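Inspection log for the structure reproduced underneath, given as structure tokens.
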Amino acid sequence: MNLINHLRNRSFWLIDSLKGGVIRKHLNEISFVINSPYSSDSLSIREQHLKNLLKHATESTPFYFDYKGTDHIDDFPVIRKTVIQENFKDFQSIPYIQKQNYKVSTSGSTGIPFFLFQNKNKRHRNIADVLYFSRQSNFKIGNRLYELEVWRKHNKKSVYKSLLQNIIQFDISKLTDSRILSLINLLKSSKQEKNILGFASSYEQICQYLDRNKTDLGDLNINAVIANSEYLNQYTKTSLSKHFNTAVLSRYSSEEVGIIAQQTLDSQEHFVINHASYYVELLDFDEDKPVKSGEYGRIVVTDLFNYCMPIIRYDTGDIAKLIKLENGQTKFEKIEGRKMDLIFDTKGNMISSFVVYTKFYNYYTLLKQYQFIQQSEKEYEVKLNVLDTFPFEKELIESIKKDFGSDAKVTITYVDEIPLLSSGKRKKVVNNYHKA
């Protein structure tokens, strides 16, 4: 860490110290709980946070008044985004309505606007969560951070704040070859330690560019790359790691909640669950009961620190698979994305989105973009934005039929652009049949 970055680091912690060391205290607790999640002290801390949250919610929040005296989380209902939207006022804790709160919003992968309010302590906890998981990718406050996002007036930092925090905000709304080259030159121009945070789909486009073009990257001095907001497929993870000579990690988080799980330098294939700040459940698709290790289930989250709008057993709409390691620790083995965009073969069996991504690996040098859509029970559409021509239609269709069924009807549509969602994400897998 150079001198200026060191000063940035010291200044951050000095300011926190002058304010009572709130973030430092949160960070210390998060580190302790996640590093020893099943110790008696850790379990005691987690249980106390959950108990306090349930008591506060049932005594101060109209939606949960009927559950007053209920101290077991299984007795609370699983809620979805629509429930919160339709009962928004009832989810606001009465003592916190007039306090200093913060609005967090997201369009989500559904494109439906959604927002919540968070209290000040929840805000501090989120900052500490980010610091903990950033440390697990060898990032320190003060170091250079490149954020690959769709930057607009509502989310863009000021020039002064970006300089102060040593953040480079790189817009990816139109990630053309020339734009990718400008990012590479930007990375090469700075010799200081750096980390990158951005959408997985933008990394995939960068990999495709680097696979097509021989580019001398040299030593970029990147500690790690973190992919957020979207599913990180194995091609992108492996290819970007090779090109940038660093670890590529996936983060599972949401604007309305925070960081729920992340891969780390010590756990590069599995997701470390944030047991310190959330009570996380993986429930069956049809019943509100836990799934077994090795099975897919719905990710359901209870936010232990948002007292302004207590969110208990919130179905995120995403799915994951649990794995139990030899040391007894439980992690997410895979996080597949939104339940509404699960895809199925012609017999109705669920197919992992990973299977879809593998269909296109051999053709990445020919493609700008692709999208796989299940239109009906047995009808599938592949949208391709190609560089020039695509002479492998027959092979691609046969490959898809191999996994989805010999009676699958596969059509290929050529497009000039696959548009971004309002969130800035570009969906690779869509299920219009399931939505209908």
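Everything in the sequence shown is counted per UniProt numbering, starting at 1 for the first residue and increasing by one.
A virtual CB, placed ideally from N, CA and C, is assigned to each residue, including glycine.
Remember, predicted model here, so these are calculated numbers, not experimental data.
Nearest to residue i by alpha carbon, out of the options?
{"i": "Phe32", "options": "Lys156, Ile45, Leu304", "result": "Ile45"}
{"i": "Arg8", "options": "Val272, Asn28, Leu145, Glu29", "result": "Leu145"}
{"i": "Met350", "options": "Val410, Asn431, Asn385", "result": "Asn431"}
{"i": "Phe12", "options": "Ala128, Gln85, Ile299, Ile79", "result": "Ala128"}
{"i": "Ser406", "options": "Tyr414, Ile412, Ile397, Thr413", "result": "Ile397"}
{"i": "Ser353", "options": "Gln374, Ile259, Tyr364", "result": "Gln374"}
{"i": "Thr346", "options": "Asp315, Lys378, Ile79", "result": "Lys378"}
{"i": "Ile343", "options": "Tyr252, Gln369, Lys334, Ser376", "result": "Ser376"}
{"i": "Arg135", "options": "Asp288, Asn223, Asp416", "result": "Asn223"}
{"i": "Phe199", "options": "Leu240, Asp286, Gly348, Lys191", "result": "Leu240"}
{"i": "Leu232", "options": "Asp403, Glu333, Ser182, Glu326", "result": "Glu333"}
{"i": "Thr236", "options": "Lys214, Tyr380, Tyr364", "result": "Tyr364"}
Ordered along the chain, which non-local residues of its own chain (more than five positions away) have a Cβ less than 7 Å from that of residue i?
{"i": "Leu14", "result": "none"}
{"i": "Leu27", "result": "Ala128, Leu131, Tyr132"}
{"i": "Gln268", "result": "Ala247, Leu249"}
Where do the ends of the alpha helix (DSSP H) carrying residue i lie?
{"i": "Asn126", "result": "120-135"}
{"i": "His270", "result": "Element bounds for His270: not the alpha helix (DSSP H) but the beta strand (DSSP E), 267-273."}
{"i": "residue 437", "result": "Because the chain in this structure spans residues 1 to 436, residue 437 falls outside the shown range and cannot be described."}
{"i": "Leu322", "result": "No alpha helix (DSSP H) contains Leu322, which is instead part of the beta strand (DSSP E) from 314-324."}
{"i": "Asn185", "result": "177-189"}
{"i": "Tyr235", "result": "234-244"}
{"i": "Glu395", "result": "393-404"}
{"i": "Asn28", "result": "22-35"}
{"i": "Arg251", "result": "Counting along the chain, Arg251 falls outside any alpha helix (DSSP H), though it belongs to the beta strand (DSSP E) covering 247-254."}
{"i": "Val83", "result": "81-86"}
{"i": "residue 437", "result": "The structure shown does not extend to residue 437, since the chain is modelled only from 1 to 436, so the question has no answer here."}
Whole angstroms is fine: what's the gap from residue i's alpha carbon to residue j's?
{"i": "Ile323", "j": "Thr330", "result": "6 Å"}
{"i": "Thr302", "j": "Ile167", "result": "31 Å"}
{"i": "Phe91", "j": "Lys122", "result": "16 Å"}
{"i": "Cys308", "j": "Ala227", "result": "29 Å"}
{"i": "Glu204", "j": "Glu230", "result": "11 Å"}
{"i": "Pro290", "j": "Ser189", "result": "50 Å"}
{"i": "Thr106", "j": "Leu116", "result": "9 Å"}
{"i": "Leu148", "j": "Leu220", "result": "16 Å"}
{"i": "Lys55", "j": "Glu336", "result": "33 Å"}
{"i": "Thr238", "j": "Leu249", "result": "10 Å"}
{"i": "Ile164", "j": "Val104", "result": "Per the sequence presented here, residue 164 reads as Leu, with Ile not at that position. Roughly 23 Å between the two C-alpha positions."}
{"i": "Gln48", "j": "His275", "result": "13 Å"}
{"i": "Leu265", "j": "Glu295", "result": "25 Å"}
{"i": "Gln234", "j": "Gly69", "result": "47 Å"}
{"i": "His72", "j": "Ile79", "result": "16 Å"}
{"i": "Leu282", "j": "Lys427", "result": "24 Å"}
{"i": "His124", "j": "Lys402", "result": "50 Å"}
{"i": "Phe65", "j": "Ile94", "result": "12 Å"}
{"i": "Ile172", "j": "Thr58", "result": "43 Å"}
{"i": "Ser253", "j": "Ile319", "result": "13 Å"}
{"i": "residue 439", "j": "Glu29", "result": "As shown, the chain starts at 1 and ends at 436. That puts residue 439 outside it, with no answer to give."}
{"i": "Ser40", "j": "Glu86", "result": "40 Å"}
{"i": "Tyr278", "j": "Ile260", "result": "7 Å"}
{"i": "Lys191", "j": "Leu183", "result": "14 Å"}
Taking 6 Å as the limit between beta carbons, can you name the residues of its chain near residue i, skipping five residues before and five after?
{"i": "Thr110", "result": "The predicted model places Thr110 with a pLDDT of 45, which falls under 50 and marks its position as unreliable; any figure quoted below should be read in that light. So the list is empty, once near-sequence residues are dropped."}
{"i": "Ser280", "result": "Correcting the residue identity first, residue 280 is Val in this sequence and not Ser. Cβ neighbours of Val280 beyond the five flanking positions: Ile273, Val301."}
{"i": "Pro62", "result": "Asp90"}
{"i": "Leu210", "result": "His243"}
{"i": "Ile180", "result": "Ile206, Tyr209"}
{"i": "Gly258", "result": "Asn126, Asp129"}
{"i": "Ile311", "result": "Asp303"}
{"i": "Lys81", "result": "Phe114"}
{"i": "Tyr357", "result": "Asn233"}
{"i": "Ser60", "result": "Ser93, Ile94, Pro95"}
{"i": "Val22", "result": "His124"}
Kindly list the residues whose CB is nearer than 8 Å to the CB of residue i, restricted to its own chain and excluding five residues on each side of it in sequence; keep chain order.
{"i": "Leu367", "result": "Gln208, Phe360, Leu384, Asn385, Val386, Leu387, Phe390"}
{"i": "Gly328", "result": "Tyr38"}
{"i": "Ser162", "result": "Ile168, Gln169"}
{"i": "Lys99", "result": "Asn119, Lys120, Cys308"}
{"i": "Gln416", "result": "Here the sequence assigns Asp to residue 416, which means Gln is not the residue at that position. Excluding positions up to five away in sequence, the list reads Asn385."}
Just to confirm the assignment, what range does the beta strand (DSSP E) spanning residue i have?
{"i": "Leu282", "result": "278-283"}
{"i": "Ser105", "result": "101-106"}
{"i": "Asp171", "result": "167-171"}
{"i": "Gln262", "result": "258-264"}
{"i": "Leu217", "result": "No beta strand (DSSP E) holds Leu217; DSSP gives it neither H nor E."}
Opposite residue i in the DSSP bridges: which residues?
{"i": "Lys409", "result": "Glu379"}
{"i": "Leu367", "result": "Val386"}
{"i": "Met350", "result": "Phe344"}
{"i": "Tyr414", "result": "Leu384"}
{"i": "Thr61", "result": "Paired residue(s): none; Thr61 is not in a bridge."}
{"i": "Gly297", "result": "Ala320"}
{"i": "Glu147", "result": "Gln169, Leu197"}
{"i": "Asp303", "result": "Tyr278"}
{"i": "Val225", "result": "Ile196, Val248"}
Is there a C-beta anywhere in chain B that falls below 7 Å from the one on residue i?
{"i": "His270", "result": "Of the protein chains in the structure, only one exists, and it is not chain B."}
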